[in-house]
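Undergrad: With our numbering applied, the sequence shown covers 1072 to 1363.
All residues carry an ideal CB built from backbone N, CA and C; glycine is no exception.
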Amino acid sequence: MATVTRKESIPVGELDLFFTFTCLPRLPQLNSHAMAGIILKGMVGLVTGGASGLGKATVQRLVRNGCKVVMFDLPSSEGQKVASEVGGGCVFHPGDVTSPEDVTSAIDAAKNLGNLRVTVNCAGIGIAVKTYNNHKDRIHPLDEFQRVIDVNVCGTFNVIRFAAREMAKNEPGPSDERGVIINTASIAAYEGQIGQAAYGASKGAIVSMTLPIARDLASCGIRVMTIAPGLFETPLLGSLPEKVRTYLGKQAPFPTRLGDPAEYAHLVQTIVENQMLNGSVIRLDAAIRMQP
Ligand SMILES: NC(=O)c1ccc[n+]([C@@H]2O[C@H](COP(=O)([O-])OP(=O)(O)OC[C@H]3O[C@@H](n4cnc5c(N)ncnc54)[C@H](O)[C@@H]3O)[C@@H](O)[C@H]2O)c1
């Protein structure tokens, strides 16, 4: 890449300051307005936890924008039904994110649709158990802690490693990119509440692994980002009484409501379209900071 260097004197007050400008040649630019929605057209995506909540909204948005998507979720999920609702471009692949065999077969299913370019990790579970409950003299069962770490951390990483291997084979797209991986943490990574030791630890791990994985995969032209949602109106919260949901929504300074899963999906699209987003975590939370 040829660079041009020039020196200029610029008057600042009574001083003449010398600046050295190094002009880099123009990089291939993606005009964000012109490209909105267009980038996704024809791409192949894999969305884990795609049968419900944030994952389902992501599948819907990707398909609406012309992506072909493998919706990966547990066999017990509503995946098949949701895939037929979403229609053309969406294939349900049942499996467990913690299983290497299930994940490789989901990647194979994506390969049948074309080149895998987008992977979104939404599969996750949560529990509410205190480290030690002195009223009941009950300690946190270790297997319950391990299960949350297994699904949320190991499951996410399991998907990332196989997706990265597949994406690395892609022909580079504009600006040498081969793929984008988006994970889902939670604001519990920062403000875990009572009973969220396991959940908070798992989401904190997802936050912490974002940068090292982005660094690992940079040489392959693969970007890695994480979204840390606040409170979103998914089946998880939808099952709570209206009064409780309204109360929870009011905890957010502005807008004082629960998030719409479509707003999460919108951010997924933005991340795919904006190449400068890499190696970091975006809170999507209406400025909420959870109390103990
Ligand atoms: N809804 C919120 O307010 C909120 C807030 C912060 C973070 N999150 C995170 O966002 C993600 C999605 O949450 P949601 O609210 O959409 O939940 P959800 O329960 O509606 O969806 C999660 C999906 O993951 C699937 N899943 C669970 N374990 C799996 C496994 N082992 N293999 C494959 N699929 C599995 C489930 O079947 C389900 O369809 C989760 O990681 C959750 O922790 C949600």
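Which residues neighbour ligand 1 when neighbourhood means a C-beta less than 6 Å away from any of its non-hydrogen atoms? List them by chain order.
TA: So the residues near ligand 1 by this Cβ test are Thr1119, Gly1120, Ala1122, Ser1123, Gly1124, Leu1125, Gly1126, Asp1144, Leu1145, Ser1148, Asp1167, Val1168, Thr1169, Cys1193, Ala1194, Gly1195, Ile1196, Gly1197, Val1222, Gly1226, Thr1255, Ser1257, Pro1300, Leu1302, Phe1303, Thr1305, Pro1306, Leu1307, Leu1308.
Undergrad: Here's a check: name, in chain order, each residue in its chain whose Cβ is nearer than 7 Å to the Cβ of Asn1254, leaving out the five neighbours to either side.
TA: In the sequence shown, residue 1254 corresponds to position 183, counting from 1. Asn1192, Thr1227, Ile1277, Thr1281, Thr1297.
Undergrad: Under the DSSP definition of a beta bridge, which residues are partnered with Tyr1203?
TA: The count along the sequence shown starts at 1 and reaches residue 1203 at position 132. Note: Tyr1203 sits in a beta bridge opposite Ile1210.
Undergrad: If I follow the unbroken alpha helix (DSSP H) through Ala1268, where does it start and stop?
TA: Locating residue 1268 in the sequence shown gives position 197, counting from the first residue. Start and end: 1268-1289.
Undergrad: Does the distance from the CB of Ala1357 to the CB of Pro1324 come in under 8 Å?
TA: Taking the sequence shown and counting its residues from 1, the one referred to as residue 1357 is at position 286. Taking the sequence shown and counting its residues from 1, the one referred to as residue 1324 is at position 253. Yes, these two residues count as a Cβ contact at 8 Å.
Undergrad: Could you name the residues that DSSP lists as bridge partners for Ile1298?
TA: As a first step, residue 1298 must be located in the sequence shown, where it is residue number 227. BP columns for Ile1298 point to Thr1255, Ile1353.
Undergrad: Starting from Phe1143, follow its DSSP beta bridges and name the residues at the other end.
TA: Position 72 of the sequence shown, counting from 1, holds the residue named residue 1143. Thr1119, His1164.
Undergrad: In or out: Ala1199 buried (at least 16 other Cβ within 10 Å) or exposed?
TA: The residue labelled residue 1199 in the question sits at position 128 within the sequence shown. Its Cβ having fewer than 16 others within 10 Å, Ala1199 is exposed.
Undergrad: Quick one: residues in its chain with C-beta nearer than 7 Å to the C-beta of Val1157, no 5 flanking neighbours on either side, listed in chain order?
TA: For the purposes of this step, residue 1157 is taken as the residue at position 86 of the sequence shown. Excluding residues within five positions, the ones whose Cβ falls inside 7 Å are Val1130, Gln1131, Val1134.
Undergrad: With Leu1187 as the anchor, note down where its beta strand (DSSP E) starts and where it stops.
TA: In the sequence shown, residue 1187 corresponds to position 116, counting from 1. Unbroken beta strand (DSSP E) run through Leu1187: 1187-1192.
Undergrad: Measuring CA to CA, which of Val1343, Gln1362, Arg1354, Asn1349 is closest to Val1189?
TA: Taking the first residue of the sequence shown as 1, we reach residue 1189 at position 118. Closest option to Val1189, Cα to Cα, is Val1343.
Undergrad: Below 8 Å between beta carbons: does that hold for Asp1331 and Glu1304?
TA: Counted from its first residue, the sequence shown places residue 1331 at position 260. Counted from its first residue, the sequence shown places residue 1304 at position 233. Yes, they are a contact pair.
Undergrad: Looking only at its own chain, which residues have a Cβ that is under 7 Å from the Cβ of Gly1137, when we skip the five neighbours before and after it?
TA: Within the sequence shown, residue 1137 is the residue found at index 66, counting from 1. Within the same chain, Gly1137 has close Cβ partners Leu1111, Lys1112, Gly1113.
Undergrad: Against chain C, with Cβ distances strictly below 8 Å, would Val1115 count as a contact?
TA: No chain C appears in this structure, which consists of one protein chain only.
Undergrad: Enumerate in chain order the residues of its own chain whose CB-to-CB distance from Ile1359 is below 6 Å, with the five nearest sequence positions on each side excluded.
TA: The count along the sequence shown starts at 1 and reaches residue 1359 at position 288. These residues qualify, in order along the chain: Gly1301, Gln1322, Ala1323.
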